[in-house]
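In terms of my numbering, the first sequence has 116 at position 103, counting the first letter as 1, and numbering is strictly consecutive.
One structure is given below, encoded as structure tokens.
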Amino acid sequence: MLQLSYIRENKEDVLKRLAIKNFKDAENIINSIIELDNNRKSAQRLADDVKAEANGLAKQIGELMKSGKKEEAETLKAKTADLKGKEKEFDETLKTIEQDIHKILVTVPNLPNITVPVGKTPEDNEVVNEHGAIPTLHAGATPHWELTTKYDLIDFELGVKLTGAGFPVYKGKGARLQRALINYFLDKATSKGYNEVQPPILVNADSGYGTGQLPDKEGQMYHCQVDDLYLIPTAEVPITNMYRDVILKESDLPIKNCGYTPCFRREAGSYGKDVRGLNRLHQFDKVEIVQIAHPDKSYEILENMREFVSSLLQELELPYRTLKLCGGDMSFGSALTYDLEVWSAAQGRWLEVSSVSNFETFQTNRLKCRYKDANGKTQLAHSLNGSALALPRIVASLLENNQTEAGIKIPKVLVPYTGFDMIN
RNA sequence: GGAGAAAUGGCAGAGUGGUCGAUUGCGGCAGUCUUGAAAACUGUUGAACCGUGAGGUUCCUGGGGUUCGAAUCCCUAUUUCUCCGCCA
């Protein structure tokens, strides 16, 4: 959620940057926010004045009662009756206006960083770098959904029987590979100073609002209606919400957490060939890194996080490229996002495996995650997160890229975790 | 699931209808002392909104109510604790 004061004071800048995100009808929406805010101010003034008067009278009545001047007190009491009605009325007006502002404000996306490329579709994303040689496969090489069957690593049909499409069952070396990747990712993250946490994978609505999944992506989360809890679409939600309503010390920053969780996404509206095999699942595993940062340091930290994720892909010997997302392809809450994509050799295309974003104050404003600066003033911190990494597409490209006629080779760094160096 | 108790500032813990945004202690910050640190002493120390300012308003778990006036009384939700039951 954007800060009202920023919108008020930087209207032109807000409009300019919302345009980069292709936010429709921005001018009307911003104007109505500013107008409502002006109404709010005058409404509060009225309400405050009435209350001040009522408070003053109540105090006088108290003093009169004490000194035994009952009659005088009664005359004053009569005067307060009128104020009471007004107080209620003004309070309600103020509340309504505040709700109206909030309702609109939560629909406005974050302002993109000034360096974000203009564009509408994924084709407009800027390729920052490409790393690693594209492998040439032997004749008869197949996509991962055939390899997983051939070596009995993942049973998609069995998942359909148990739950439905997009809930695969990992088996044998397939299951072991999952566990190996999770442990490897967590070990790398903790060695870089990230504190490992194991959060709940169901969260309440407050947490959903805190990180911006609600109300923007309501339909994308699984919702347990009986208890009004949501299955997390990413560990970002619980881990970032740990800092909801918290005032940190400046010296605490940056705070670095990582965590493994399963992630659940309804993926309403997705279909077609892109969803085959491991490409798009309803349940998948991911290790997430999250930082709460000082505003002056957040972009430096974003680069560090991107480099960390890159280093994982390099160690796994997977060809990858880095994209700087254009305004149209960025998520609702992000100010700047890098996507990292691995090359899927048998499918012949890039697969997104990580998204690293700086949210600046967009999440922390809603979260009320602040720190005290050197002058003792409370300031909003910046929040950042990134996947490090999401498993399914890593597995897909590992299987496809490393397939040989003799079997699938496991990258060296993973062997201590898997306990085998070949799937055959 | 049943019965009872409780929820106050970063933490601990007073406060049972008016002068309480809230005693006190710890912690934090600043100063005195010290070569420096510790100790001791002194001062200071919650958040949000409105206002150029003086100042005003709101917040004692959330929501509602009683009252001229609520941290304090009532209702309700949530959470925590204790006992019983059940259970990985």
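Cβ coordinates follow ideal geometry from the N, Cα and C atoms, glycine included.
A residue is called buried once 16 or more other Cβ atoms fall within 10 Å of its Cβ, and residue 140, having fewer, is exposed. About 6 Å separates the beta carbons of residue 408 and residue 291, which is inside the 8 Å limit, making them a contact pair. For residue 420, the enclosing beta strand (DSSP E) begins and ends at 420–422. Rounded to whole angstroms, the gap between the alpha carbons of residue 76 and residue 228 is 50 Å.
As computed with DSSP, residue 435 is found in a beta bridge with 422. Exposure of residue 287 is indicated by the presence of fewer than 16 other C-beta atoms within 10 angstroms of its C-beta. Taking every protein chain shown into account, the CB of residue 186 has 16 or more other CB atoms within 10 angstroms, so this residue is buried. Nearest C-alpha to residue 250 among 151, 399 and 115: 399.
Counting C-beta pairs closer than 8 Å gives three or more between the segment 203–216 and the segment 238–246, which meets the contact rule. DSSP places residue 401 within a strand segment (E or B) once states are collapsed to three. When the five nearest sequence neighbours on each side are left out, the beta carbons in the same chain lying within less than 6 Å of the beta carbon of residue 16 are those of 378, in order along the chain.
With respect to the 8 Å criterion, residue 130 and residue 337 are classified as neighbours on the basis of their beta carbons. The distance from the Cβ of residue 26 to that of residue 339 is about 19 Å, inconsistent with a contact at the 8 Å cut-off. With distances taken between CA atoms, residue 125 lies nearest to 351 out of 351, 383, 262 and 390. With 16 or more other Cβ atoms inside 10 Å of its own Cβ, residue 360 counts as buried. Annotation: residue 107 to residue 267 spans about 38 Å, alpha carbon to alpha carbon. Judged by DSSP secondary structure, residue 391 falls outside any alpha helix (DSSP H) and instead within the beta strand (DSSP E) spanning 391–393. Ranked by Cα distance from residue 335, the first of 234, 36, 135 and 233 is 135. DSSP places residue 260 in the strand class (E or B) of the three-state scheme. The beta carbon of residue 419 lies closer than 7 Å to those of 437 in the same chain, with the five residues before and after it left out.
In the DSSP assignment, residue 354 is bridged to 334 and 365. Around the Cβ of residue 433, a 10 Å sphere holds fewer than 16 other Cβ atoms; the residue is exposed.
Residue nearest to residue 40 within the set 49, 29 and 225 is 29 (criterion: CA-CA distance). By the C-beta density criterion, residue 324 is exposed, having fewer than 16 other C-beta atoms within 10 angstroms. Shown here for residue 355: same chain residues with a beta carbon closer than 6 Å to its own, the five before and five after excluded, namely 331, 333, 364, 366 and 410 in chain order.
From the listed residues 105, 78, 68 and 178, the smallest Cα separation to residue 281 is found for 178. DSSP places residue 325 in the helix class (H, G or I) of the three-state scheme. Residue 416 places its beta carbon less than 8 Å from that of residue 150.
For residue 371, the closest C-alpha among the options 303, 357, 428 and 115 is that of 303.
Here residue 303 is bridged, per DSSP, to 270 and 398. Selection 431, 163 and 414 evaluated against residue 145 yields 414 as nearest (Cα-Cα). Under DSSP, residue 167 forms a beta bridge with 183. The Cβ neighbour count for residue 102, taken over all protein chains shown within 10 Å, is under 16; the residue is labelled exposed.
Distance from residue 49 to residue 113 at the Cβ level is roughly 6 Å; contact confirmed, criterion being Cβ atoms closer than 8 Å.
Linking residue 154 to residue 394 through their CA atoms gives a straight-line distance of about 49 Å.
For residue 217, the enclosing beta strand (DSSP E) starts and ends at 215–217.
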